[in-house]
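Report on one structure; see the data block that follows.
Numbering (this note's numbering), first residue to last: 42 to 155.
Set out below in structure tokens:
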């Protein structure tokens, strides 16, 4: 049986954990990645996929697309996302545009300083 991906939130970190139950009944868990909550910049629902695929954007400009559950669990997914009210973006908003502009400005200011 393949591992189950679980997005977990602690008081300080957001973690993607892979959980697997051995045939003996022992549950194993392995952290795929984790970030401090302060590094989470935005969350938005993917427009090109099912209703439970979301993109999570981070302070360094990277992002991850994660399926939070099947469409039947949409209420539970929305409950989880309610933990992050300040970073939830509408699906039509593109946070990468602002990032690209700020990176371009940073590059131009460094180039001008040389």
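Glycine included, every Cβ here is placed at the ideal spot set by N, Cα and C.
From a predicted model like this one, the values you see are computed outputs, not experimental measurements.
Three-state secondary structure assigned by DSSP to residue 56: Residue numbering aside, residue 56 sits at position 15 when the chain shown is read from its first letter. The answer is strand: DSSP assigns residue 56 an E or B state.
I'd like to confirm the pairing. Which residues does DSSP put opposite residue 47 in its beta bridges? As a working mapping, residue 47 is identified with position 6 in the chain shown. In DSSP, residue 47 forms a bridge with 58.
Taking one C-beta from the stretch 108 to 128 and one from the stretch 61 to 76 each time, how about it: are there three or more such pairs within less than 8 Å? no
Just how far apart, CA to CA, sit residue 102 and residue 83? On the chain shown, position 61 is the one that residue 102 refers to. On the chain shown, position 42 is the one that residue 83 refers to. Counting only the Cα atoms, residue 83 lies some 10 Å from residue 102.
Neighbour-count burial assignment, residue 155, 16 or more Cβ in a 10 Å radius: Against the chain shown, residue 155 aligns to sequence position 114. Per-residue confidence for residue 155 stands at a pLDDT of 47, beneath the threshold of 50, marking its modelled position as unreliable; the derived number appears in the next sentence. With fewer than 16 Cβ atoms within 10 Å of its Cβ, residue 155 is classed as exposed.
Suppose you measure from the CA of residue 112 to the CA of residue 128; what does that come to, to the nearest Å? By 1-based counting over the chain shown, the position of residue 112 is 71. By 1-based counting over the chain shown, the position of residue 128 is 87. When rounded, the distance between both Cα atoms is 22 Å.
So is residue 55 buried or exposed if we call it buried at 16+ other beta carbons inside 10 Å? As a position in the chain shown, residue 55 is number 14, starting the count at 1. Classification for residue 55: buried.
Using C-beta distances below 7 Å, list every residue in its chain close to residue 49, excluding the 5 sequence neighbours before and after it, in chain order. Numbered from 1 along the chain shown, position 8 holds the residue referred to as residue 49. So the qualifying residues of the chain are 56 and 58.
Have a look at residue 79 and residue 43 and give me their C-alpha separation to the nearest angstrom. Your numbering for residue 79 matches position 38 in the chain shown. Your numbering for residue 43 matches position 2 in the chain shown. Near 31 Å, if we compare the C-alpha coordinates of residue 43 and residue 79.
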